[in-house]
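The structure appears below as structure tokens.
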Amino acid sequence: MASLAPSPKNYIPPDSHFLLDRIEENIRKSFNELIVSLDETSGSHQHHPMKVGIRNSYHPLKNPEAGLSPLGTETGVMNQESVRGQMKNFSEETTRYWNPIVERLPQEQLRTLQLRKFKKIFEWAYERSKFHRRLYQEAGLEPGDIKTFEDIRRVPKVEKSMMRSIQRKDPFPYGEALCVPLEEVVEFRQTSGTTGQPVYQPDTWQDWEWWSESWAYILLAQGFRRTDRFFVPFGYNVFVAFWAAHYAAEKLGCEVVPGGVLDTAARILKIQELQATALMATPSYILTMADTAKNRLKINPARDLTVRRIVCAGEPGASIPSTRKRMEEAWGAKVFDHVGATEIGAWGYECQEQSGIHINEALFLVEVEDLITGEPITGPGQKGKMVITALDRLAQPCIRFDSKDLVEWADSPCSCGRTFRLFKGGVSGRTDDITKVKGVLLSPTAIEEVVHSFKELGDEYEVVVSKRGDTDEIALVVEIPPGLEGKKQELSARLKDRLRLQTNLSYLIVFHPLHSLPRAEGKARRFKDTRDSKEGNGREG
Ligand SMILES: [Zn+2]
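Reminder that position 231 of the sequence shown reads as 391 in this note's numbering, one-by-one numbering, no gaps.
This is the structure we're talking about:
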């Protein structure tokens with residue numbers, strides 16, 4: 161028995177307070193993290209020893225006694241008494257948070273935590289990655305130069321194309337951004353590569369723990385609990401997709417059913433057979449599954465299946481009201497959004513209030529920039545581009561990554577009690593999807609909102625931007641069920657009106673028969689710009 165490595169599954173809680181145990185452990189861990197991050201006298205890398213950990217050793221200094229050491233009272237961010245107080249006051253209230261300490265840390269203290277973590281990850285990359293050192297030296301920056309958020313803004317951004325150009329070289333295949341010895345890498349994943357060569361992503365065991373930790377925040381916030389039986393209908397492979405979510409669900413104590421190599425119909429039958437209560441997939445696949453259930457298997461998911469909660473990723477659909485409504489009606493389930501990417505991590509999530517996407521500000525630093533001037537956007541009312549830093553990712557750091565995600569700050573804090581700031585409506589598109597058509601900025605999510613609000617139309621659609629002579633033309637291909645052919649003209653007119661209202665552009669509407677457009681198990685590729693080829697993006701994972 162002694163040789164058996166501890167894991168969430170072979171950790172048997174002494175009583176039924178399983179979740180409380182996990183959260184308590186988590187509080188201790190976060191307290192340690194605060195102490196280490198805030199204790200600048202503790203030496204440069206105490207918080208980053210490169211050791212192959214055991215499951216649940218996400219934080220190397222995790223040790224309940226150390227967590228409550230007097231050191232904590234010197235940090236100024238948390239004091240020993242308040243942690244003890246919070247740990248004593250476990251109740252229904254605190255089980256709403258995966259980490260009741262950091263998720264409710266006042267903004268000012270979160271900023272302090274982020275700044276200190278940023279300094280450390282910057283120094284970490286500077287000392288270990290030739291790629292990062294070169295980049296920073298060229299900008300005239302050294303680790304000691306980062307003292308304020310203003311200084312952070314001077315740190316050069318990293319684009320996906322830069323990562324492509326340094327990879328496939330020694331240490332093979334990751335190249336010069338690798339910050340750990342190759343033998344410390346325990347996981348390989350890659351981006352989907354639809355817009356160019358895939359970017360490889362190495363993770364240490366600690367990074368892998370960090371992945372599942374970040375997903376644990378998401379799942380708990382969305383109401384998933386250990387009583388849930390999670391069906392994961394994705395092809396487990398080199399894409400990061402739902403891997404971390406799988407482990408996080410285990411961490412919460414959920415039962416996980418890996419629906420890997422099954423086809424769509426077999427997955428639905430398995431969900432039915434096992435009475436699964438929870439599901440995770442891309443919005444387009446959630447809709448495809450419902451469609452297959454109804455049309456091929458004569459199963460009505462809302463009536464005949466037991467799935468009551470769904471977490472989405474990979475596409476913005478769950479934050480698009482009409483798409484969310486479609487999914488919720490088809491499954492009779494609550495649908496929640498989450499955002500993340502291979503090179504970044506799982507950085508944001510909806511809570512049960514569903515008032516936007518919370519940024520996990522304990523693990524990530526998010527900046528929003530004006531699309532044209534690059535000036536910081538710090539308040540609501542204006543969309544901008546997200547630049548993001550994963551504060552704790554070690555093997556291949558993600559520091560000021562140009563995510564190209566289009567976001568907007570929410571007007572007010574969330575009523576759930578989390579102090580993590582919100583993005584209104586999630587990620588509303590990608591800066592490289594926001595093409596200019598006829599001089600107007602076009603957002604594909606606005607088109608999706610319109611298409612999915614038409615009950616008569618199928619789930620799939622396609623947008624094709626092309627050039628006729630000197631003029632841009634947008635064709636919207638939609639699916640129409642049999643029997644509605646006679647309504648084409650009227651539908652087309654209503655669609656055009658709504659689209660003009662939403663996007664200020666006129667469209668050519670093309671009708672295809674239901675089920676004739678391609679269905680993806682992963683992310684749907686619905687936007688085609690045939691005018692010229694475009695550079696790759698950051699949201700492939
Ligand atoms: Zn909230």
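Heads up, the beta-carbon is just placed ideally off N, CA and C, and yes, glycines get one too.
Query, Result
"If you measure from each residue's Cβ to the nearest non-hydrogen atom of ligand 1, which ones come out under 5 Å, in chain order?", "Cys-511, Glu-513, Cys-574, Cys-576, Arg-578"
"Between the C-alpha atoms of Val-526 and Ser-626, what's the straight-line distance to the nearest angstrom?", "35 Å"
"Given Leu-551, which residues of its chain have a CB within under 7 Å of its CB, disregarding the five upstream and five downstream residues?", "Gln-274, Lys-277, Phe-278, Ile-281, Leu-523, Phe-524, Leu-525"
"Return no unless some Cβ of chain B is closer than 7 Å to the Cβ of Ala-337.", "Considering every chain present, this structure includes no chain B. It has just one protein chain."
"Report the residue ranges of all beta strand (DSSP E) runs contained in full by the stretch 540 to 619; include only those spanning at least 3 residues, in chain order.", "544 to 550, 561 to 567, 595 to 597, 600 to 602"
"Does the stretch 476 to 495 come into contact with the stretch 575 to 589, if we say contact requires no fewer than three beta-carbon pairs (one atom in each stretch) closer than 8 Å?", "yes"
"So, are the CB atoms of Glu-513 and Phe-496 less than 7 Å apart?", "no"
"Would you report the Cα separation of Asp-632 and Glu-410, rounded to the nearest angstrom?", "50 Å"
"Closest by CA to Ser-575, which one among Trp-370, Ala-381, Glu-373, Glu-347?", "Ala-381"
"What separation, rounded to the nearest whole angstrom, lies between the Cα atoms of Lys-564 and Met-449?", "30 Å"
"Using the beta-carbon count (16 or more within 10 Å), is Arg-456 buried or exposed?", "exposed"
"For Leu-342, count neighbouring Cβ atoms within 10 angstroms of its own Cβ and tell me buried if that reaches 16, exposed if not.", "exposed"
"Below 8 Å, how does it come out for the stretch 468 to 477 and the stretch 425 to 442: are there three or more Cβ pairs, yes or no?", "yes"
"My output table needs one value for Gly-335: the three-state DSSP class, helix, strand or coil.", "helix"
"Taking contact to mean 3 or more Cβ pairs, one atom from each stretch, closer than 8 Å, check whether the stretch 566 to 581 and the stretch 256 to 275 are in contact.", "yes"
"Count the C-beta pairs between the stretch 321 to 340 and the stretch 553 to 570 that are closer than 8 Å, then say yes if the count reaches three, no if not.", "yes"
"Looking at Val-670: is its Cβ nearer than 7 Å to the Cβ of Val-637?", "yes"
"Residue range of the beta strand (DSSP E) that Ser-626 falls in?", "621 to 628"
"When you compare the stretch 415 to 434 with the stretch 372 to 381, are there three or more beta-carbon pairs, one atom per stretch, that lie closer than 8 Å?", "no"
"In terms of residues, what are the limits of the beta strand (DSSP E) holding Tyr-509?", "505 to 509"
"For Leu-674 versus Gly-618, is the C-beta distance shorter than 7 Å?", "yes"
"Between which residues of its own chain and Asn-186 is the CB-CB distance below 7 Å, once the five residues before and five after are set aside?", "Trp-258, Asn-259"
"Can you tell me the Cα-Cα spacing of Gly-395 and Val-416, whole angstroms?", "15 Å"
"Give the single residue among Leu-412, Glu-608, Thr-308 whose Cα lies nearest to the Cα of Thr-255.", "Leu-412"
"Rounding to the nearest angstrom, what Cα-Cα distance links Val-359 and Glu-645 in this structure?", "45 Å"
"Under a three-way DSSP split, which group does Arg-427 fall into?", "helix"
"Can you tell me the Cα-Cα spacing of Arg-679 and Ile-459, whole angstroms?", "19 Å"
"Where does Gly-304 sit, in a helix, a strand or coil, going by DSSP?", "helix"
"If you compare alpha carbons, which of Val-400, Thr-387, Trp-403, Phe-402 is closest to Cys-414?", "Thr-387"
"Which residue from Lys-688, Phe-614, Ser-372 puts its Cα closest to that of Lys-485?", "Phe-614"
"Cβ of Glu-620 within 7 Å of Cβ of Glu-639?", "yes"
"Taking the beta carbon of Leu-465 as the centre, do at least 16 other beta carbons fall within 10 Å, making it buried, or is it exposed?", "buried"
"Let me know if Leu-665 comes out buried or exposed under the rule of 16 or more other beta-carbons within 10 Å of its beta-carbon.", "buried"
"How about Gly-539 and Glu-529: do their beta carbons lie closer than 7 Å?", "no"
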